[in-house]
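As they're listed, the protein sequences go chains R, U, E and S.
So the working numbering is basically just the index in the first sequence, starting at one, shifted up by 377.
So the working numbering is basically just the index in the second sequence, starting at one, shifted up by 127.
So the working numbering is basically just the index in the third sequence, starting at one, shifted up by 208.
So the working numbering is basically just the index in the fourth sequence, starting at one, shifted up by 11.
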Amino acid sequence: MQTVTLKPKKEIKISVEGENISADIFSGKTEKEIHALVAWMGNQKTTIGELFSVKVEGSGPAADTKIILEGDFSRVKRIGEGMTAGLILITGNVDMHLGAKMSGGKISVKGNVDSWAGREMKGGELIIEGNAAYYLGAGYRGESCGMRGGKITVMGNALDFVGEHMCGGEIIVKGNTGILPGLSNNGGKIVIGGNTSRPGSEMSKGTIIVNGKVEEMMPVFKLEGDEIVDGVTYKKYTGDVIGNGKGLLYVK
Amino acid sequence: MELLIKNGAVVDPVNGNKGDKTDISIKDGKIVKTVSSKATIIDAGGRLVMAGGVDAHSHIAGAKVNVGRMMRPEDSRSGISPRTKITRPCTGYTVPNVYAMGYRYAQMGYTTVFEAAQAIMKARHTHEELEEIPIIDKGALTLFGSNWPTMDFVREKDMDKLAAYVSWGLLASRGFGVKCVNPGGGEMWGFGKNVTGIDDVVPGFDVTPKEIIVSLMKVNEMLGLPHSVHLHCNNLGNPGNYKTTLASMELANQVKASKKRQVMHVTHLLFNSWGGTNWGDFESKADEVANFLNNHKNVTGDMGQMIFGSATTMTADGPKQYANAKLLHAKWSNGDVELEDASGVVPIYYVKQISVHAIMWAIGLELALLTKDPYQMLLTTDHPNGGPFVNYSEVIALLMSNKKRQEEIKTVHEAVHAKNKLPGLDRELDFSEIAIMTRAGTAKVLGLLDTKGHLGVGADADISIYDIKPDQIDPTVEHAKIKSAFSSAAYTIKGGNVVVKDGQITATPLGRTYWVDAKVPQQHHDEMMKDIVKKFKNYYSMQLANYMVQDEYLTHQQVVKAGIIPAEVN
Amino acid sequence: MTLNAILITGRTINQGATIENKTSLDYQEATALCELNSKDIGILGIKPGSQISVKTDHGDVVVKLKENNGNPDGMAFIPMGPWANAVVDPDTKGCGMPGFKGIKARLEPTDKKILSMKDLIARYK
Amino acid sequence: MTVITDALCPFCGCLCDDLTIVVENNKITDIKNACKLGSAKIMGHHRIEAPMMRADKKSEFKEVSYDEAINEAASILFKSKRPLMYGWASAVCEVHKKGILLAEEVGAIIDNTATVCHAPSTLAVHEKGLPTATLGQVKNRSDVVVFWGSNPVHAHPRHMGRYSVFAKGFFQEKGRKGRKVIVVDVRKTETASMADEFVQVQQGSDYLVISALRAILSGHADVVPESVGGVTKEQLSKLVDTLKAAKFGAVFFGMGLTQSISRYKNIDNAISLITELNAYTKYVITPMRGHYNVTGFGQVCSWETGFATAVDFARGAPYYNPGETAANDVLMRKETDAAMIIAGDAGAHFPADSVRHLARIPVVQIDPYWNPTTEVSNVVIPVAICGVEVEGTAYRMDGVSMRMRKMIEPTLPTDVEILEKITQRVRELRGE
């Protein structure tokens with residue numbers, strides 16, 4: 378078991394690119410080696426050691442590596458990018474692209490995450506106790522697939538475009554979401570605890586469940602009648618009818 | 128500036144060299160007989176030396192290439208490399224940025240590349256990009272196949288005016304040759320329609336694709352242009368289109384070449400050699416097309432080889448692109464140009480286990496292996512339609528090694544066994560044949576064989592050295608080494624400068640832009656311009672005075688003279 | 209006296225004609241204004257040409273009231289420019305574009321002066 | 012007296028190229044064919060006469076030499092860890108090329124005015140492509156013209172005459188009489204007043220309305236409710252019939268779509284509608300671009316970097332992600348620690364929060380005119396006016412490029428000269 382604890386040495390104003398903060402990269406490395414890892418801040422090439430205090434206990438493979446990020450990481454992007462195993466615990470807020478392209482392991486955040494958390498995620502788990510911003514579990518510009526696998530749970534709210542272009546995996550938002558969740562959903566599952574608006578546009582496959590209110594329904598869904606899912610009665614819709622979509626939209 | 132390449136295994140089919148150790152002397156950007164003792168020496172150490180690669184058909188610059196970039200940030204984010212002291216940043220795989228375009232060609236040992244299609248009205252854009260593509264020499268073919276003046280003069284059977292229009296259009300666009308894409312179809316796409324064969328009548332203009340093709344060939348030869356008509360056949364991409372292709376190629380017999388070259392170049396034949404009637408009974412007719420070429424020396428073609436993986440299709444064939452987008456449920460850009468032509472851009476992903484894709488892949492290779500004379504079948508991927516040009520080394524390895532082909536066939540859809548002849552073809556091309564398909568042949572087809580595509584005295588000092596010792600390698604078995612060597616030149620020399628060493632860019636001089644200045648009798652020009660002035664007054668959305676590409680966009684131009692009035696001897 | 213409206217901003221011909229002359233009074237005349245239909249103007253109980261205070265969650269600004277009966281009820285229009293931008297929604301919504309249209313606004317008559325371009329920008333220093 | 016014919020207009024994306032300019036003693040004395048917008052700009056306004064600097068934004072500017080201003084500009088960019096270089100739309104492509112090179116060298120984010128105009132249209136193109144055509148296609152063929160969230164009477168005054176509503180062409184000899192003109196907007200604009208049909212949409216409901224049209228077009232009228240976004244199902248169905256009946260339809264959209272809720276998804280949806288209409292007849296869609304060469308920046312930036320705008324060179328290689336790398340994103344997050352604003356006016360056209368941040372950081376302005384950006388600048392470098400005093404390339408809204416003519420001789424340096432000098436100075440500071 379290896380535990381690595383990072384704390385910002387001072388307030389970070391210009392975003393740091395934290396793609397090297399991942400269990401795969403930290404595992405088996407000494408404090409000195411982690412210190413030397415590159416971290417870009419704006420146009421300045423710097424190191425993790427310059428920006429963060431680093432404490433390493435034990436050593437182990439990625440799957441047995443735990444990273445604890447203490448303090449304010451709200452200006453650190455791309456944490457856990459491409460991670461395949463291990464655990465990252467974040468005690469505060471984090472910046473954009475948390476867990477982008479991750480395929481395994483787990484990232485847990487006590488605070489809020491900025492946009493593109495879980496972008497193009499393939500597997501593993503993301504647990505966000507606070508709120509998520511835009512494009513949770515979405516894709517990159519122009520790509521046909523966003524999230525492909527894994528699970529994202531947000532205890533708070535999320536903003537627009539949750540699960541855009543999702544091709545697989547599951548997103549649970551306990552609170553409300555912004556507009557157009559599950560846009561172009563192509564096989565993922567999205568469960569919204571609270572309210573939302575315009576869900577499921579251009580959906581071809583997958584499922585969206587809304588337990589709160591739908592402020593504006595897209596005029597592209599066919600009402601199929603009532604259906605009971607996990608003991609709850611929902612109105613069941615199919616669509617988006619424009620592309621003969623086979624998506625399922627359940628609204629309480 | 129003098130350079131001497133010693134101990135090279137020189138493969139130079141034009142000058143009859145098949146790998147003999149020959150020294151090459153270079154002075155002031157040209158190959159010369161001898162150099163002084165002060166010359167810088169490059170010891171090739173027995174490695175393969177060829178003329179710099181010449182690509183006669185690639186989409187490297189202009190409106191639709193940039194549309195490809197704009198609609199595909201997901202492509203641009205691949206192949207990213209930061210700036211260095213010598214190079215600008217690179218992006219993209221199927222639609223690289225201008226810098227990557229030049230660097231990557233040079234890294235493969237290519238030194239001359241022709242953009243395959245520009246509408247006159249958007250030619251300024253093409254040249255803006257060409258001006259920023261480093262290292263390589265380049266040029267662009269100009270679209271004439273659906274232009275209103277073309278169709279008017281064809282209908283009026285006025286070849287003098289048509290020749291004058293082509294001459295003026297080349298000047299207006301600073302174009303190198305006559306491109307003809309889905310003739311007539313570009314106009315019909317203006318109302319969302321298309322021609323179905325070479326005998327359909329284009330509404331509003333009362334001409335057929337056949338008449339357009341024959342007339343453009345006639346004036347091309349009247350003008351004595353270096354290159355022949357460069358034809359993208361009607362019905363491209365439709366099962367059963369080989370009949371249209373054969374009927375189009377047959378038209379070549381109606382016109383006599385003005386120069387020692389073909390009268391018709393039919394491009395990316397992979398997409399035009401299709402049998403069957405639908406995607407279910409789709410099959411290869413590469414044998415029929417190759418057989419035609421084997422019996423008709425006045426027509427040449429290029430492969431348009433397909434590469435599995437990501438590609439971006441882009442062509443002036445607007446209706447085809449809409450059909451593609453619908454078929455693939457892909458994003459679709461369309462870019463019709465008033466009075467001139469159509470165009471479309473659609474991304475595609477070629478998959479080994481999709482039967483149609485596997486059959487297409489095999490068709491390209493069949494074309495190269497069944498066409499006996501490599502001068503008649505050039506190596507292209509119709510970049511980025513069949514796939515990005517950076518994969519030429521893969522194609523070379525496939526053509527040189529039946530073993531590699533058989534290994535590949537095992538990984539692709541089994542349909543190739545029933546629908547293609549490829550599994551049974553054991554021909555393996557040698558270095559000379561590869562040199563023809565990528566250098567001598569392309570230069571000859573373009574009409575540039577005096578200075579390009581060979582290593583004789585007087586040729587441009589565009590040279591590539593590859594990390595292969597021809598006498599010590601068995602390409603059949605060591606195909607991986609062939610691929611790796613052709614993907615990354617040991618040296619690329621452009622105009623006498625070393626621009627690549629060990630696959631790395633070492634210098635980035637700006638190459639030249641070729642265009643053809645073809646003169647016609649003033650009276651023909653004046654008559655023709657009366658029609659053009661009317662077109663601008665009534666139909667174009669811009670002024671004639673702002674139409675022609677200005678000199679500012681050709682800072683390094685190479686003018687090739689041609690025309691009905693013989694060019695003055697300098 | 210208070211009108212709740214949806215605010216949009218955008219181009220006008222006079223805004224465009226003075227866009228390279230932003231220190232001029234002409235530019236202020238062309239852009240420091242808010243268009244409402246006559247019914248909404250009636251609700252406010254003032255005449256076109258009077259000053260009006262526009263408040264949103266993102267800021268406040270004083271501009272001149274103008275009549276435009278092309279506007280539906282409850283729609284306010286301010287030509288694009290620094291006065292409009294004092295009250296638009298800065299959130300780029302994950303796509304780089306702030307909210308220049310569709311902002312909830314509270315409109316009230318006011319005696320406060322319309323700030324000049326220089327004074328308006330000086331508020332940000 | 013000199014008369015320049017076929018001159019290009021340096022105002023809007025119509026890039027009209029039929030202006031006649033009369034020049035006497037290096038002064039423009041008359042203009043023919045230009046609209047009110049073009050005339051106003053070409054006839055000229057008060058200019059900044061000399062470079063100016065100040066350390067404290069609240070103090071007055073002091074005139075300085077060009078060398079001093081250029082040195083200070085280079086120093087600001089060189090020291091910056093997160094520079095933003097914004098503007099570019101009122102400049103020719105030759106300026107854009109120099110700007111992108113400088114952005115590479117200082118590791119800046121480079122973004123243009125499309126960020127508050129049609130950058131969302133580019134985001135939509137990433138999703139769906141852009142089925143479009145040059146404006147002459149519309150002139151020669153169109154029998155249905157739709158303006159959606161755009162108001163050419165105000166923003167593109169000659170568009171309707173030259174290219175769309177009134178223009179006569181080969182297959183459309185009748186001009187206005189041969190065309191059905193439809194305006195979709197949230198309010199009855201002057202353009203709407205000229206239309207054959209006005210479809211009034213509730214603000215922010217365009218996305219829903221477009222989806223409803225697509226549903227009806229695809230034969231699923233049954234799922235469409237009686238009213239969508241303030242438009243009745245009856246009117247929507249009639250609109251679909253009208254659209255389908257066209258031989259050649261053209262849709263021109265503006266900031267009504269790009270700036271409302273859903274942003275680029277409105278355009279994404281509209282592009283799908285156009286694509287689907289092409290199964291029945293011919294349709295094209297074109298953004299009504301604002302500045303005369305805002306399109307050009309997108310073109311140059313795309314071929315040089317692979318991305319149309321909002322390119323972040325912090326790590327030496329282009330990175331693109333509007334929402335993260337666009338000008339207002341980084342200003343709003345207060346990340347930008349220095350800015351260069353050139354040929355665009357962030358001070359006037361960005362939300363207050365962004366301008367507030369600009370007021371806190373070192374700002375270099377390169378522009379012919381005094382404007383709100385000047386008010387928050389530290390270094391101001393006046394330049395010649397592209398398209399009036401400087402020739403060069405510009406791209407019309409439909410992607411057709413033309414070369415702008417020089418009407419009069421400049422009395423100040425050009426943007427290109429200034430950018431080249433700043434780049435040179437940056438290299439010196441780096442010790443090259």
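C-beta atoms are modelled at their ideal positions from N, C-alpha and C, and glycine is treated no differently.
Nothing here was measured: the structure is a model prediction, and the numbers come from that model.
At a cut-off of 8 Å between beta-carbon atoms, G218/E makes contact with chain S. Within the stretch 295 to 309 of chain E, the residues whose Cβ lies closer than 7 Å to any Cβ of chain R are, in chain order, K301 and G302. Against chain E, the CB of A281/S has no partner CB under 8 Å away; the residue lies outside that interface.
Here N144/U has V137 and V138 as same chain residues with Cβ atoms under 7 Å from its own Cβ, once five neighbours each way along the sequence are excluded. DSSP places Q599/U within a helical segment (H, G or I) once states are collapsed to three. Using a Cβ-Cβ cut-off of 8 Å, Y512/R counts as an interface residue toward chain E, since at least one Cβ of chain E sits closer than that to its own. Between the alpha carbons of S375/U and I340/U lies a gap of roughly 8 Å. Taken in chain order, the complete alpha helix (DSSP H) segments of 4 residues or longer contained in the stretch 110 to 193 of chain S are 130 to 139, 146 to 152, 163 to 166 and 170 to 173.
Neighbourhood of E201/U in chain R, by CB distance below 9 Å: G516, Y517, R518, G519, E520 and S521, in chain order. Only exposed fits M209/E, as fewer than 16 other CB atoms lie within 10 angstroms of its CB.
The residues R58, I59, P393, V394, A395, I396 and L423, in chain order, have a CB closer than 8 Å to that of P379/S in the same chain once the five nearest residues on each side in sequence are set aside. T297/S counts as buried, since at least 16 other C-beta atoms from the protein chains shown sit within 10 angstroms of its C-beta.
Here A413/R is exposed. Its C-beta has fewer than 16 other C-beta atoms within 10 Å. Close to I272/S, with beta-carbon spacing below 9 Å, are these residues of chain E in chain order: K301, G307, K309 and G310. Closest in alpha carbon position to K179/S, among A244/U, P550/U and S668/U, is S668/U. T40/S counts as exposed, since fewer than 16 other beta carbons sit within 10 angstroms of its beta carbon. In the three-state scheme derived from DSSP, where H, G and I count as helix and E and B as strand, D401/R is classed as helix. Per the coordinates, the alpha-carbon of D468/U lies some 26 Å from the alpha-carbon of G403/S. Nearest neighbour of E541/R by Cα position, chosen from E458/R, G481/R and G495/R, turns out to be G495/R. Counting along the chain, T264/E sits inside the beta strand (DSSP E) bounded by residues Q259 to T264. Residue contact with chain U for G186/S: absent (no Cβ-Cβ distance below 8 Å to any residue of chain U).
Under the three-state reduction of DSSP, L560/R is assigned to coil, being neither helix nor strand. Taking 4 residues as the shortest admissible run, the stretch 210 to 235 of chain E contains the following complete alpha helix (DSSP H) segments, listed from N- to C-terminal end: 221 to 225. In the three-state reduction of the DSSP assignment, E560/U falls in the helix class. Counting C-beta pairs with one atom in each stretch, the stretch 506 to 515 of chain U and the stretch 572 to 590 of chain U have fewer than three that are closer than 8 Å, which means they do not touch.
Note on Q480/U: under 16 other CB atoms within 10 angstroms of its CB, so exposed under the neighbour-count rule. Contact annotation, I193/S with V155/S: C-beta distance approximately 7 Å; criterion of less than 8 Å satisfied. The three-state secondary structure of N621/R, taken from DSSP, is coil. In the displayed model, V490/R falls within a strand according to three-state DSSP. Under the 10 Å beta carbon count, D170/U is surrounded by fewer than 16 other beta carbons and is classified as exposed.
If you draw a 10 Å sphere on the C-beta of G407/U, you find fewer than 16 other C-beta atoms in it, and that means exposed. In this structure, the alpha-carbon of Q148/S lies about 11 Å from that of Y294/S. In this chain, the alpha helix (DSSP H) harbouring A607/U covers H606 to S614.
Under the 8 Å criterion on CB atoms, N277/S is classed as non-interfacial with respect to chain U. The beta carbon of R196/U does not come within 8 Å of any beta carbon belonging to chain R, so the residue lies off that interface. Sequence-distant Cβ neighbours of G445/U in its own chain, meaning closer than 7 Å and more than five residues away, are G313, W316, N461, D463, A469, S470 and G471.
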